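Position in the sequence shown counted from 1, then plus 1343, gives you the working numbering.
Notes to accompany the following structure.
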Amino acid sequence: MIINEIRSQLLEEAKASPNLLADLAGLETYIAESYNNRSFIELLQNADDANATKFKIIKDSNFLYVANNGRFFNANDIESLCRSASSNKIRGENIGYRGIGFKSVVSFSKEIYIISGDLEITFSKERTKNEIPNATRVPLIRIPHSVNENDKSLMDENINSILNDGFSTIFIFTGVTTLEIESEYESFDYKSLLFLKNITTTEILISNYASTFIEKEIISEHETKLKIKNNENQSEWLVSTFNNTAIAFQIENNLPARINLVDAFVYSFLPTEDITGLGIIVNGDFSTDPSRKHLIYDIETNTTIKNIASQIINIIKENLVGNKPENSNIIKCIVPYADPRMMSFKKTSFEKLLLEEVKNIDPAFFEKLLLAPNWLNTKDYNIIVKTIDNFVVESIFLNIDGLVSFLKFLGAKEASFNSFKNKINESDISILGCVQISKYIFVSILSISNDNFILEVSDLKILIHEKKRYSFKQILSENLLIDDSYISLLIENGLTEFDIKQAFKKLLPNYIGNLVLEKKDDDIMLNNSIQNVNSTTNDWYNNSKEISNDRIKYAIKRWRTAEEITMEILNLNGFNLQDVSKQNIGYDLDGFDPNGEEIHIEVKSITLPGQKFKLTNNEIGVAQAKPQKFYVAIVRQTDDFFEIALISDPIKNLVLNRQCTQWIWECSEYEYNPRKFTL
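Below, the structure is given as structure tokens:
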């Protein structure tokens, strides 16, 4: 029998060199320590290599049974276990590292039995020591022995039960303590199943029963959805494959969600301890150290990193042109946690090498991508450049932290004023956009005296008279007065009255209007009727019986901002909103109400009902320009609930007092009748 031949050869080698056997025992101990708390993962890997679809672990007394339904063990498998480095595993086809990982079980086992078809063997230090008495130390997994029938009789009932459940190979570990195994179990991460090729079901019965089931749905040739059910918990994943690599996006509420930095590991089929630096998990045929905890940056690993970088660029290109929530969520997952420009100062890591490769994949594509200049809000910039068919980044993406700096790192540039100034007049931009363009022009003129520049901008319709746009020439020729609200917004955006007057002297030296805001001791009231405070709008609310408590609680995660929570809850009630709070355009949420009507919502947080809140001139400007579409959402969060009160048309329905010293509008009177959502 071949097994006996292997045993005889190994015994001869051991007897001829007992010192080498002692050295192997020391190496085995070192490997077991290196693989601390990874034994379950290694056994899972072996099962997947054997084309198993089911994997089961049972602890009974001091016996641990680990079973799979893959192919039977053969002589080559036994020799691989005994000799470790002689494994015939092929790179890219098998997960294991030359059979070494199996030795991790030495950390918690006294003896090992393998039952697989007609094969029955035992590994035992005591029996090996009896065979080679002159060895000072012996390894556990080196010399295979026959199974003692008396010992096997203690395990027969469990063995037969497992075999009857459709399992074909069983590993039995003796002398196992509950503490050791529970430590292994607690370290076992269900995400280890994400990139396995075959395993779809795991069951673990130690002190408590745990089961994991995987459902796979093929979306396309390169995309698969995975649903992993782990006891009562469930997670969903979207796995995108490319050239023998894979990227996994976690799915929450049917949308990709960014994985925490400390959980976004690099997988070499099974998890390492290296992180991606992005909000995703990646998998590839990386070289690792023997413990498989860290990558080795050799030619194979660097080639795999390049493939993942290419996949990331393809994902960015595909999603950056979309305007659906899933597009922006995927992009959010791809954006690095750290500023990519700082990577050059860091030591070699997966994150650093990946970003270097991402930058080099397709710089020509990103060089054609012109971003809004930092002095103009993105929404108005996009309105302008769409008239000249430029590729633009939709505003739905630009609230993503770090995206703009990431795109610049990849080669994108800010658009120059000259590249779009000729399209300003034919673009329906906001008053805020007019103010920001005016500020840019004023600062340019005050910095450098240029008569040609003054001539070039004189026809731009960016001045505001009675809420309508006029050019510098029109203001002068028609003797029009510029609105106070326009001057207020210029000041709010960083200019002084002196700056404005000096700029007008150069642009419109003959302008006779007043450029100084009149200040009074008493507050200026935008709405004098105290009785005109409107009731809170309640028709937005959809009976939350139709919305699960879990979905509402997910929306009200405590780390979220008030704007994000408000958006999530309103979207659960039929709205279609996006968060634009970081774009400085006069409101926080933008989109459509349940009737499909355009709506803009400014979110104001309070701690007590009736507490004063403030509106900026920027926000007042939008409220005046779009009275039927602008709402204020007054929100309050406690430890137990989150409340939302929507007030429409604040110019008409709120009492607003101008605080002249700070150029803000303060509301101290309003009806607070919110909808409450329990945490």
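Think of the CB as a built atom: it goes at the ideal place given N, C-alpha and C, for glycine as much as any other residue.
Computed from a prediction, not measured in an experiment: that's the story for all the values here.
Could you say which of the options lies nearest to residue i if we only look at CA atoms?
i: Asp1983; options: Asn1919, Ala1846, Phe2020, Lys1660; result: Phe2020
i: Thr1588; options: Glu1737, Lys1660, Leu1613; result: Leu1613
i: Pro1633; options: Ala1375, Val1965, Leu1920; result: Ala1375
i: Ser1423; options: Ile1484, Ser1526, Asn1405; result: Ile1484
i: Thr1644; options: Phe1693, Phe1592, Lys1667, Phe1406; result: Phe1693
i: Asn2000; options: Phe1608, Glu1371, Thr1959, Asn1626; result: Thr1959
i: Glu1911; options: Ile1987, Ala1715, Ala1968, Val1965; result: Ile1987
i: Gln1926; options: Asn1672, Ile1743, Glu1699, Asp1628; result: Ile1743
i: Tyr1974; options: Ala1968, Asn1596, Pro1993; result: Pro1993
i: Arg1635; options: Thr1520, Phe1406, Val1609; result: Val1609
i: Lys1402; options: Glu1527, Glu1463, Ala1395, Asn1493; result: Glu1527
i: Lys1702; options: Phe1796, Gln1654, Ile1590, Asn1725; result: Gln1654
i: Lys1540; options: Gly1964, Thr1567, Gln1817; result: Thr1567
i: Asn1603; options: Leu1621, Ser1770, Gly1745, Ala1478; result: Leu1621
Excluding sequence positions up to five away, which residues of its chain have a Cβ less than 7 Å from the Cβ of residue i?
i: Ile1502; result: Ile1458, Ile1513
i: Ile1345; result: Ala1418
i: Glu1474; result: Leu1354, Ile1486
i: Glu1941; result: Phe1935, Lys1972
i: Ser1671; result: Ile1739, Phe1740, Ile1743
i: Pro1668; result: Leu1598
i: Ala1846; result: Phe1785, Ile1788, Leu1789
i: Gly1953; result: Tyr2015
i: Asp1391; result: Ile1438, Leu1539, Lys1540, Asn1541, Ile1542
Identify whether residue i lies in helix, strand or coil by the three-state DSSP scheme.
i: Leu1833; result: helix
i: Phe1476; result: It is worth fixing the name first, because residue 1476 is Pro in this sequence and not Phe. The answer is coil: DSSP assigns Pro1476 none of H, G, I, E or B.
i: Asp1373; result: Sequence inspection shows Tyr at residue 1373; the Asp mentioned does not correspond to that position. Three-state DSSP puts Tyr1373 in a helix.
i: Thr1322; result: Absent from the model: residue 1322. The displayed extent of the chain is 1344 to 2022, so no value can be given.
i: Asn1431; result: Residue placement at Asn1431 cannot be trusted, given a pLDDT of 47 that sits under 50; the coordinates are not used to answer.
i: Ser1792; result: coil
i: Arg2018; result: strand
i: Gly1776; result: helix
i: Leu1999; result: strand
i: Val1946; result: strand
i: Asp1864; result: Reliability of the predicted coordinates at Asp1864 is poor, the pLDDT of 45 falling under 50, and no value is obtained from them.
i: Gln1926; result: helix
i: Pro2024; result: Lying outside 1344 to 2022, the shown extent of the chain, residue 2024 is not represented and no answer is given.
i: Arg1381; result: coil
i: Ile1807; result: strand
i: Lys1756; result: strand
i: Lys1455; result: According to the sequence as given, residue 1455 is Ile; it is not Lys. Reduced to three states, the DSSP call for Ile1455 is strand.
i: Pro1706; result: helix
i: Thr1646; result: helix
i: Arg1635; result: coil
i: Tyr1854; result: coil
i: Leu1823; result: coil
i: Leu1798; result: helix
i: Leu1719; result: coil
i: Leu1714; result: strand
Identify every residue that forms a DSSP beta bridge with residue i.
i: Thr1691; result: Per DSSP, none; premise fails for Thr1691.
i: Val1625; result: Ile1590, Val1609
i: Ala1410; result: Lys1399, Ile1513
i: Phe1415; result: Paired residue(s): none; Phe1415 is not in a bridge.
i: Asn1919; result: Phe1935
i: Pro1487; result: Phe1466
i: Pro1614; result: Tyr1610
i: Tyr1813; result: Leu1806
i: Glu1941; result: Phe1935
Which residues in the same chain have their Cβ closer than 8 Å to the Cβ of residue i, if we skip the five residues on either side of it in sequence?
i: Glu1710; result: Gly1754, Ala1755, Lys1756
i: Ile1349; result: Ala1418, Ile1421, Glu1422, Cys1425, Pro1487
i: Leu1803; result: Lys1764, Ile1767, Asn1768, Ile1780, Ile1784, Ser1814, Phe1815
i: Leu1920; result: Met1910, Leu1913, Asn1914, Leu1932, Asp1933, Gly1934, Phe1935, Ile1942, Ile1944
i: Asn1405; result: Thr1517, Gly1518, Val1519, Thr1520
i: Phe1531; result: Phe1383, Ile1384, Ile1547
Please confirm if residue i has its CB atom under 7 Å from at least one CB of chain B.
i: Lys1766; result: The chain labelled as chain B is not found in the depicted structure, where only one protein chain is given.
Kindly list the residues whose CB is nearer than 6 Å to the CB of residue i, restricted to its own chain and excluding five residues on each side of it in sequence; keep chain order.
i: Thr1544; result: Lys1397, Phe1556
i: Glu1371; result: Lys1446, Val1449, Pro1482
i: Ala1359; result: none
i: Asp1842; result: none
i: Lys1722; result: Ser1738, Ile1928
i: Asn1573; result: Tyr1533, Thr1555
Any heavy atom of the ligand COA closer than 6 Å to the CB of residue i?
i: Phe1734; result: The ligand COA is absent from the structure shown, which contains no ligand whatsoever.
Sequence ranges, beta strand (DSSP E) only - wholly within the segment 1962-1989, length at least 3: 1973-1980
Mind pulling the beta strand (DSSP E) runs of 3 or more residues that sit fully within the segment 1523-1610? 1544-1548, 1552-1563, 1566-1573, 1576-1585, 1588-1595, 1598-1600
Contained beta strand (DSSP E) runs [length at least 3] in the segment 1650-1694, N- to C-terminal order: none
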